[in-house]
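Colleague:
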Amino acid sequence: MPELLIIGGGPAGLTAGLYAARAKLDCLLLERLSPGGQVLTTNWVENYPGFPGGIGGFDLMDRMRTQAEEFGLKILSEEVKLIRPETDAIFVQGDSKDYRVRAVILAMGASPKKLNIPGETELTGKGVSYCATCDGFFFRDQEVAVIGGGDTAIEEALFLTRFASKVYVIHRRDRLRAIRILQERALANEKITFMWNRIPLEIKGDNTVEGIVLRDLIEGKSSELRVQGVFVFIGYSPNTDILKGIVELDEQGFVITNEEMETSQRGIYAAGDIRSKSLRQISTAVGDGAVAAYSALRYLEGY
Ligand code: NAP
Numbered sequence: 630m631p632e633l634l635i636i637g638g639g640p641a642g643l644t645a646g647l648y649a650a651r652a653k654l655d656c657l658l659l660e661r662l663s664p665g666g667q668v669l670t671t672n673w674v675e676n677y678p679g680f681p682g683g684i685g686g687f688d689l690m691d692r693m694r695t696q697a698e699e700f701g702l703k704i705l706s707e708e709v710k711l712i713r714p715e716t717d718a719i720f721v722q723g724d725s726k727d728y729r730v731r732a733v734i735l736a737m738g739a740s741p742k743k744l745n746i747p748g749e750t751e752l753t754g755k756g757v758s759y760c761a762t763c764d765g766f767f768f769r770d771q772e773v774a775v776i777g778g779g780d781t782a783i784e785e786a787l788f789l790t791r792f793a794s795k796v797y798v799i800h801r802r803d804r805l806r807a808i809r810i811l812q813e814r815a816l817a818n819e820k821i822t823f824m825w826n827r828i829p830l831e832i833k834g835d836n837t838v839e840g841i842v843l844r845d846l847i848e849g850k851s852s853e854l855r856v857q858g859v860f861v862f863i864g865y866s867p868n869t870d871i872l873k874g875i876v877e878l879d880e881q882g883f884v885i886t887n888e889e890m891e892t893s894q895r896g897i898y899a900a901g902d903i904r905s906k907s908l909r910q911i912s913t914a915v916g917d918g919a920v921a922a923y924s925a926l927r928y929l930e931g932y
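Here the sequence shown stands for residues 630 to 932, where the numbers follow the working numbering.
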């Protein structure tokens with residue numbers, strides 16, 4: 630049995646793994662899909678230091694994984710179903726195996742939020758998407774709608790202009806949340822049309838998306854916009870369902886830690902987007918991962 634389990638293989642988990650493996654800790658990283666996390670769905674990353682001109686999301690995560698493995702980090706494909714602290718250990722139930730370890734780093738990140746409107750679930754994969762990098766290519770010369778006004782929505786809307794003939798950005802207010810540099814790029818892009826003060830009510834289509842019904846919050850009227858694709862970027866929810874009652878969570882479900890990445894449960898640490906914090910970025914996830922590994926190391930060595 631390893632001494633330390635890292636759950637989740639995004640930037641936070643891989644960095645924790647790099648630090649732990651390099652410190653010769655006996656540790657194992659469990660990842661339910663393939664390592665990389667949400668960054669794998671990001672086409673281009675231009676604010677991670679050390680890469681002038683930017684770097685592809687896939688390439689960056691491939692490098693992080695390779696670097697951690699160079700120091701001996703073991704990565705296993707396994708979905709964790711249950712975590713239970715015991716007197717002298719932490720019990721972790723995977724889908725193929727059970728583990729009893731002394732320390733755990735939670736780095737399971739977050740998943741895209743859903744609109745929860747009619748048509749969304751039925752048409753997911755048939756024109757409704759949460760990943761422009763994965764699906765943008767299918768919308769060559771078509772018209773698509775992007776829902777949201779944050780950094781993700783605007784970055785992805787800009788990416789979609791490579792393929793789509795027109796990108797409607799539908800935002801519930803009249804001001805974007807995204808940072809200014811993204812706003813300026815989007816406002817200057819001729820393929821992007823902003824539709825302010827509107828919320829989506831329903832996604833229409835039989836077997837593929839044919840349109841989206843929008844409510845104009847100022848006029849109080851509803852109308853249908855004909856589009857072939859709907860990309861939803863309205864924020865993320867933490868992947869903390871299995872942690873309820875185990876560690877302290879904030880009102881939105883993110884894990885509360887101190888600056889040492891310690892959770893309310895001794896021996897359990899959290900890092901990256903799963904944490905309750907103000908700035909969720911690759912750079913902050915990487916910092917969290919390093920601190921969490923250092924704290925786990927000190928704990929295991931009896932400090
Ligand atoms: P976000 O900042 O939470 O923005 C979500 C957007 O969706 C907001 O504009 C929000 O509107 C809108 N929204 C939320 N719920 C909605 C609903 N039910 N219906 C319609 N619209 C809804 O999420 P994000 O853009 O995914 O960003 C998450 C974090 O990642 C942020 O910290 C962001 O800075 C970071 N990020 C950074 C980069 C980068 O640095 N390159 C790229 C992507 C993301 P309101 O504005 O009215 O609340």
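Where is the CB? At the ideal position from N, CA and C, for every residue including glycine.
Keep in mind the model is a prediction, meaning the values are calculated, not measured.
Write down the C-beta distance between L658 and K710 rounded to the nearest angstrom, noting that I regard them as a contact closer than 8 Å.
Modeller: Counting from 1 along the sequence shown, the entry for residue 658 is found at position 29. Counting from 1 along the sequence shown, the entry for residue 710 is found at position 81. Not a contact, Cβ separation roughly 17 Å.
Colleague: Is there a Cβ from chain B that is less than 7 Å from the Cβ of E675?
Modeller: Checking the listed chains, one finds no chain B in this structure; it contains a single protein chain.
Colleague: Examine the ligand NAP and report whether any of its heavy atoms sits within less than 6 Å of the Cβ of G683.
Modeller: As a working mapping, residue 683 is identified with position 54 in the sequence shown. Incorrect: G683 has no Cβ contact closer than 6 Å to the ligand NAP.
Colleague: For the ligand NAP, is there any heavy atom lying closer than 6 Å to the beta carbon of T644?
Modeller: One-based indexing of the sequence shown puts residue 644 at position 15. No, Cβ of T644 sits at least 6 Å from all heavy atoms of the ligand NAP.
Colleague: For R692 and V915, what's the separation of their Cα atoms in angstroms?
Modeller: Along the sequence shown, read from residue 1 onward, the residue named residue 692 stands at position 63. Along the sequence shown, read from residue 1 onward, the residue named residue 915 stands at position 286. Looking at the two C-alpha atoms, the distance is approximately 13 Å.
Colleague: Enumerated in chain order, which unbroken segments of the alpha helix (DSSP H) with a length of 4 residues or greater are wholly contained in the stretch 804-861?
Modeller: Taking only runs of at least 4 residues, the alpha helix (DSSP H) segments lying wholly in the stretch 804-861 are 809-816.
Colleague: With C-beta atoms as the reference, is L605 less than 7 Å away from A697?
Modeller: The structure shown has nothing for residue 605, since the chain only spans 630 to 932.
Colleague: Three or more beta-carbon pairs under 8 Å between the stretch 787-800 and the stretch 890-899, yes or no?
Modeller: Output reads no: the stretch 890-899 does not touch the stretch 787-800.
Colleague: Taking C-beta to C-beta, are D917 and A641 nearer than 7 Å?
Modeller: Residue numbering aside, residue 917 sits at position 288 when the sequence shown is read from its first letter. Residue numbering aside, residue 641 sits at position 12 when the sequence shown is read from its first letter. Closer than 7 Å, so yes.
Colleague: DSSP puts L634 in a beta bridge; with which residues?
Modeller: Translated into the one-based positions of the sequence shown, residue 634 becomes position 5. Paired residue(s): L657, V733.
Colleague: Can you tell me whether P681 is buried or exposed, with buried defined as 16 or more other CB within 10 angstroms of its CB?
Modeller: For this step, residue 681 is matched to residue 52 along the sequence shown. With fewer than 16 Cβ atoms within 10 Å of its Cβ, P681 is classed as exposed.
Colleague: Can you tell me whether L643 is buried or exposed? The criterion is at least 16 other CB atoms within 10 Å of its CB, across all chains shown.
Modeller: If you number the sequence shown from 1, residue 643 lands on position 14. The residue is buried, with at least 16 neighbouring Cβ atoms inside 10 Å.
Colleague: Once the 5 residues before and after P867 are set aside, which same chain residues still bring their CB inside 6 Å of it?
Modeller: Along the sequence shown, read from residue 1 onward, the residue named residue 867 stands at position 238. The answer, listed in chain order, is A739, G882, F883, I903.
Colleague: Quick check: the Cα distance between S893 and E819, rounded to an integer number of angstroms?
Modeller: Numbered from 1 along the sequence shown, position 264 holds the residue referred to as residue 893. Numbered from 1 along the sequence shown, position 190 holds the residue referred to as residue 819. Whole-angstrom Cα-Cα distance: 50 Å.
Colleague: If we ignore side chains and look at the alpha-carbon of each, how far apart do C656 and K906 end up?
Modeller: By 1-based counting over the sequence shown, the position of residue 656 is 27. By 1-based counting over the sequence shown, the position of residue 906 is 277. Those two C-alpha atoms are separated by around 26 Å.
Colleague: Check whether the Cβ of E784 lies closer than 6 Å to any heavy atom of the ligand NAP, and answer yes or no.
Modeller: As a working mapping, residue 784 is identified with position 155 in the sequence shown. Indeed, a heavy atom of the ligand NAP lies less than 6 Å from the Cβ.
Colleague: If you measure between the beta carbons of I832 and V861, is that distance less than 7 Å?
Modeller: Position 203 of the sequence shown, counted from the first residue, corresponds to residue 832. Position 232 of the sequence shown, counted from the first residue, corresponds to residue 861. No; because the gap between Cβ atoms is not below 7 Å, this pair is not in contact.
Colleague: With G723 as the anchor, note down where its beta strand (DSSP E) starts and where it stops.
Modeller: Here residue 723 refers to the residue found at position 94 of the sequence shown. That run of the beta strand (DSSP E) goes 719-723.
Colleague: E715: which of D770, I875, E853 sits nearest, CA to CA?
Modeller: Here residue 715 is taken as the residue at index 86 of the sequence shown, counted from 1. The shortest C-alpha separation from E715 is found at I875.
Colleague: With a cut-off of 8 Å, do at least 3 Cβ pairs link the stretch 751-761 to the stretch 804-820?
Modeller: No, because fewer than three Cβ pairs between the stretch 751-761 and the stretch 804-820 fall closer than 8 Å, the two stretches do not touch.
Colleague: Pick from L752, G723, E699: whose alpha carbon is nearest that of E708?
Modeller: Locating residue 708 in the sequence shown gives position 79, where the first residue counts as 1. Here the closest residue by C-alpha is G723.
Colleague: Could you give the first and the last residue of the continuous beta strand (DSSP E) run that contains R692?
Modeller: To locate residue 692, count along the sequence shown from 1; it is residue 63. Careful: R692 lies outside any beta strand (DSSP E), inside the alpha helix (DSSP H) at 686-699.
Colleague: Taking DSSP as the reference, what is the three-state secondary structure of I712?
Modeller: Translated into the one-based positions of the sequence shown, residue 712 becomes position 83. Note: I712 maps to strand in three-state DSSP.
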